[in-house]
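Below is one structure, written out as structure tokens; comments come after it.
In my numbering, the protein residues as written are 32 to 235.
Listed below in structure tokens is the structure:
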């Protein structure tokens with residue numbers, strides 16, 4: 032079994048390997064669904080938990096469209112903007128409900144999807160992901176800080192080394208989870224605020 036120090040090194044190596052999809056790698060031609068799933072699987076394969084996991088399937092795409100997360104394709108073809116939205120959905124789907132993602136995306140799809148007179152979706156995508164490097168550096172530091180704190184947990188309990196190692200791992204995971212839990216609460220509150228704003232506009 033790996034030690035916690037070895038686990039920390041594995042985590043750092045994994046984070047180093049992660050990269051977002053650059054807009055210039057997205058084809059300039061519209062794609063059929065099979066081409067979209069192949070493109071996404073190829074470019075996001077390093078984010079999969081298990082080798083047999085699928086980044087995106089036809090069923091997923093149909094569900095996104097059915098739940099108003101993704102505009103309908105044009106003659107069964109998907110544009111670059113569809114792919115940009117699918118990338119955002121990929122990152123949000125494990126954190127938020129379809130309803131929350133729909134609320135969050137609605138102003139984007141209304142104003143910036145295939146609307147030349149407004150800021151293009153690609154520019155929004157570039158702006159969001161331009162923060163990646165600085166954010167990743169900060170997140171690495173936070174993970175390492177929580178790891179160092181976990182190494183002091185249960186150190187005064189006279190436990191056998193294996194049990195202490197596991198409880199320190201548990202402490203580390205709990206520290207990371209609490210952070211995620213609180214941020215998820217904040218995100219949901221912000222999205223609930225969008226719903227309240229929409230309700231007020233409709234009343235007026």
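Backbone N, C-alpha and C define an ideal beta-carbon position, used for all residues, glycine too.
Check whether residue i and residue j have beta carbons under 9 Å apart
{"i": "residue 145", "j": "residue 110", "result": "yes"}
{"i": "residue 177", "j": "residue 210", "result": "yes"}
{"i": "residue 42", "j": "residue 174", "result": "yes"}
{"i": "residue 155", "j": "residue 139", "result": "yes"}
{"i": "residue 62", "j": "residue 118", "result": "no"}
{"i": "residue 198", "j": "residue 190", "result": "yes"}
Nearest-angstrom Cα separation, counted from residue j out to residue i
{"i": "residue 165", "j": "residue 159", "result": "12 Å"}
{"i": "residue 157", "j": "residue 167", "result": "16 Å"}
{"i": "residue 212", "j": "residue 222", "result": "15 Å"}
{"i": "residue 78", "j": "residue 150", "result": "29 Å"}
{"i": "residue 196", "j": "residue 36", "result": "10 Å"}
{"i": "residue 38", "j": "residue 225", "result": "40 Å"}
{"i": "residue 87", "j": "residue 32", "result": "33 Å"}
{"i": "residue 64", "j": "residue 93", "result": "10 Å"}
{"i": "residue 152", "j": "residue 136", "result": "11 Å"}
Per DSSP, the bridge partner or partners of residue i
{"i": "residue 105", "result": "108"}
{"i": "residue 63", "result": "108"}
Residue burial classification, residue i (beta-carbon count within 10 angstroms, cutoff 16)
{"i": "residue 34", "result": "exposed"}
{"i": "residue 95", "result": "buried"}
{"i": "residue 60", "result": "exposed"}
{"i": "residue 52", "result": "buried"}
{"i": "residue 181", "result": "buried"}
{"i": "residue 71", "result": "buried"}
{"i": "residue 116", "result": "buried"}
Closer than 9 Å to chain B by CB, residue i
{"i": "residue 209", "result": "Among the chains of the structure shown, chain B does not appear; only one protein chain is present."}
Three CB pairs or more closer than 8 Å across the region 209-222 and the region 116-129:
These segments touch.
Can you find at least 3 beta carbon pairs, one from the region 179-189 and one from the region 197-209, that sit closer than 8 Å?
Look at the beta carbons and you see the region 179-189 touching the region 197-209: at least three pairs across the two are nearer than 8 Å.
Check whether the region 102-120 and the region 133-149 are in contact - that is, three or more C-beta pairs closer than 8 Å.
Contact holds: three or more Cβ-Cβ distances are below 8 Å.
With a cut-off of 8 Å, do at least 3 Cβ pairs link the region 128-138 to the region 86-106?
Counting Cβ pairs under 8 Å, three or more are found: they touch.
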